[in-house]
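K.L.:
276 is the number of the first residue of the sequence shown in this note's numbering; add one for each residue after it. Idealized CB from N, CA, C, for every residue including glycine. The structure displayed is predicted, hence computed values, not measured ones.
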Amino acid sequence: MPPPSSGGIALIELLNILENIDLKSLGHNSTKYVHYLTEAMRRVYADRSKYLGDPDFYPVPIDSLISKNYAKKLYSQITSSASNSADILPGLVESSESMETTHYSIIDKWGNAVSVTTTINSGYGSKVVVDGAGFFLNNEMDDFSAKPGVPNQFGLLGSEANSIEPGKRMLSSMTPTIVLKDDKPVLIVGSPGGSTIITAVLQVVLNVLDFEMDVNEAVDAPRIHHQWYPEHISIEDGVLDSSGTLELINMGHKVKDIPYLGLIEAIKIDQKTGRVSGATDRRGFGLAKGELDK
Numbered sequence: 276m277p278p279p280s281s282g283g284i285a286l287i288e289l290l291n292i293l294e295n296i297d298l299k300s301l302g303h304n305s306t307k308y309v310h311y312l313t314e315a316m317r318r319v320y321a322d323r324s325k326y327l328g329d330p331d332f333y334p335v336p337i338d339s340l341i342s343k344n345y346a347k348k349l350y351s352q353i354t355s356s357a358s359n360s361a362d363i364l365p366g367l368v369e370s371s372e373s374m375e376t377t378h379y380s381i382i383d384k385w386g387n388a389v390s391v392t393t394t395i396n397s398g399y400g401s402k403v404v405v406d407g408a409g410f411f412l413n414n415e416m417d418d419f420s421a422k423p424g425v426p427n428q429f430g431l432l433g434s435e436a437n438s439i440e441p442g443k444r445m446l447s448s449m450t451p452t453i454v455l456k457d458d459k460p461v462l463i464v465g466s467p468g469g470s471t472i473i474t475a476v477l478q479v480v481l482n483v484l485d486f487e488m489d490v491n492e493a494v495d496a497p498r499i500h501h502q503w504y505p506e507h508i509s510i511e512d513g514v515l516d517s518s519g520t521l522e523l524i525n526m527g528h529k530v531k532d533i534p535y536l537g538l539i540e541a542i543k544i545d546q547k548t549g550r551v552s553g554a555t556d557r558r559g560f561g562l563a564k565g566e567l568d569k
């Protein structure tokens with residue numbers, strides 16, 4: 276998804292950085308695997324804060340951000356120890372978005388694929404219902420930086436790229452994704468979850484493509500998240516045991532347990548057999564459903 280969503284650029288930038296690493300050899304959700312994902316996420320979310328906004332109002336350097344040479348430069352900064360986010364870039368601090376977002380993934384018998392993410396932003400949106408229509412208006416204005424450089428009521432800072440202007444579109448993290456091979460879909464995926472959407476989608480893509488998991492295993496696997504600030508890795512139960520967590524801490528990382536990250540809805544297509552498999556996240560209340568062609 277292009278700007279003003281940050282999802283597409285951030286996902287490509289993350290994948291470009293991580294392709295410099297043999298992730299499979301590290302082992303899925305090993306300490307080193309979590310470390311490299313975290314350091315890539317830290318740098319991409321720093322770029323998100325500084326450079327991304329509505330391209331009709333701000334010169335978003337898309338080509339530079341998704342350049343493989345730029346990704347190699349970022350990769351070269353990653354060491355065996357945790358970086359300090361304050362040493363990377365100043366800028367936006369992410370707020371935590373609630374789950375008033377919906378995603379659905381669809382494919383039909385002809386192979387037409389759809390990945391859609393939609394939101395009213397936070398609980399009941401603006402809390403205004405359209406008379407006679409029965410639906411809420413969103414409060415997406417909250418996704419702007421109301422006053423760049425000055426903390427809002429939650430102590431969060433914003434950048435000029437996402438400042439409020441008439442007719443401008445606010446920044447989001449929506450990342451509806453379709454992965455193609457030979458111009459045909461092999462994976463349709465997306466999620467709600469605010470700033471955690473990008474990293475949830477990333478890990479499902481890696482699970483399917485790099486670790487060759489089936490779609491249910493890929494979606495259900497425990498996940499991590501780092502967004503530059505706050506200065507900690509959010510980790511679901513099951514990613515690491517206590518010794519692995521201690522190893523991360525000894526590398527300089529701060530670790531915070533979190534109940535869940537994202538609510539993925541995904542479809543995997545096996546191009547050899549034509550088999551279509553759907554998965555809904557164990558973390559939520561979605562549904563995977565298919566119909567046989569009669």
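Excluding the 5 residues flanking I353 on each side, which residues of the same chain have their C-beta closer than 6 angstroms to its C-beta?
P.N.:
The answer, listed in chain order, is E314.
K.L.:
Compute the Euclidean distance between the alpha carbons of L521 and D512, then round it to the nearest angstrom.
P.N.:
Cα to Cα, L521 sits roughly 14 angstroms from D512.
K.L.:
Since I472 contacts S448 with CB under 8 angstroms, what's their CB separation in whole angstroms?
P.N.:
So it is a contact: roughly 5 angstroms between Cβ atoms.
K.L.:
Within the continuous beta strand (DSSP E) that includes L567, where are the two ends?
P.N.:
Neither: L567 is in no beta strand (DSSP E) and is coded neither H nor E.
K.L.:
For N413, I'd like the list of residues in its chain whose CB is within less than 8 angstroms of its CB, leaving aside the five on either flank, ordered along the chain.
P.N.:
The answer, listed in chain order, is T394, I395, N396, G400, S401.
K.L.:
Do you know offhand how far V319's Cα is from T306's?
P.N.:
Taking the straight line joining both Cα atoms gives about 20 angstroms.
K.L.:
When the distance is taken between beta carbons, is D556 closer than 8 angstroms to I533?
P.N.:
No; because the gap between Cβ atoms is not below 8 angstroms, this pair is not in contact.
K.L.:
Does the stretch 320–329 come into contact with the stretch 279–287, if we say contact requires no fewer than three beta-carbon pairs (one atom in each stretch) closer than 8 angstroms?
P.N.:
Flag = yes, the stretch 320–329 and the stretch 279–287 touch.
K.L.:
Can you grab the Cα-Cα spacing for the pair L481 / S518, in whole Å?
P.N.:
Cα to Cα, L481 sits roughly 24 angstroms from S518.
K.L.:
Please classify L515: does DSSP put it in a helix, a strand, or coil?
P.N.:
Three-state DSSP puts L515 in coil, outside helix and strand.
K.L.:
Any heavy atom of the ligand HEM closer than 7 angstroms to the CB of K531?
P.N.:
Here there are no bound small molecules, and the ligand HEM is not part of this structure.
K.L.:
Would P317 be called buried (16 or more neighbouring beta carbons within 10 Å of its own) or exposed?
P.N.:
The residue you asked about is not Pro; residue 317 is Arg in the sequence shown. The residue in question, R317, is buried, as its Cβ has 16 or more Cβ neighbours within 10 Å.
K.L.:
In its own chain, which residues sit with a C-beta less than 7 angstroms from the C-beta of Y535, not counting the 5 before and 5 after it?
P.N.:
Excluding positions up to five away in sequence, the list reads E511, R558.
K.L.:
Would you mind sorting L567 into buried or exposed? The rule is 16 or more other CB atoms within 10 Å of its CB.
P.N.:
Flag for L567 reads exposed.
K.L.:
I'd like to confirm the pairing. Which residues does DSSP put opposite D532 in its beta bridges?
P.N.:
Note: D532 sits in a beta bridge opposite I510.
K.L.:
With distance defined between alpha-carbon atoms, name the residue in K347, M488, L293 nearest to A554.
P.N.:
If we check each option's Cα against that of A554, M488 comes out closest.
K.L.:
With T306 as the anchor, note down where its alpha helix (DSSP H) starts and where it stops.
P.N.:
Per DSSP, T306 belongs to the alpha helix (DSSP H) from 306–326.
K.L.:
Have a look at A541 and T548 and give me their C-alpha separation to the nearest angstrom.
P.N.:
The straight-line gap from Cα to Cα measures roughly 18 angstroms.
K.L.:
Let's see if you can read the secondary structure: which residues bound the alpha helix (DSSP H) around S300?
P.N.:
Residues 298–301.
K.L.:
Take every Cβ of the stretch 489–508, pair it with every Cβ of the stretch 338–350, and state whether three or more of those distances are shorter than 8 angstroms.
P.N.:
No contact exists between the stretch 489–508 and the stretch 338–350.
K.L.:
How would you call K543, buried or exposed, if buried means at least 16 neighbouring beta carbons within 10 angstroms?
P.N.:
It counts as buried.
K.L.:
Would you tell me roughly how many angstroms separate the C-alpha atoms of V530 and G409, rounded to the nearest one?
P.N.:
Distance between the alpha carbons of V530 and G409: 43 angstroms.
K.L.:
Helix or strand or just coil, what does DSSP make of I341?
P.N.:
If DSSP states are grouped into helix, strand and coil, I341 belongs with coil.
K.L.:
With a CB to CB cut of under 6 angstroms and the five nearest residues on each side skipped, what residues in its chain are close to A388?
P.N.:
I382, I453, P460, I463, listed in sequence order.
K.L.:
According to DSSP, I382 sits in a beta bridge with which residue or residues?
P.N.:
I382 pairs with A388.
K.L.:
Just verifying my parser: in three-state terms, what is the DSSP assignment at K351?
P.N.:
Sequence inspection shows Ser at residue 351; the Lys mentioned does not correspond to that position. Note: S351 maps to helix in three-state DSSP.
K.L.:
Cβ atoms of D485 and L253: under 8 angstroms apart, would you say?
P.N.:
Only positions 276 to 569 of the chain appear in this structure, which leaves residue 253 out of reach.
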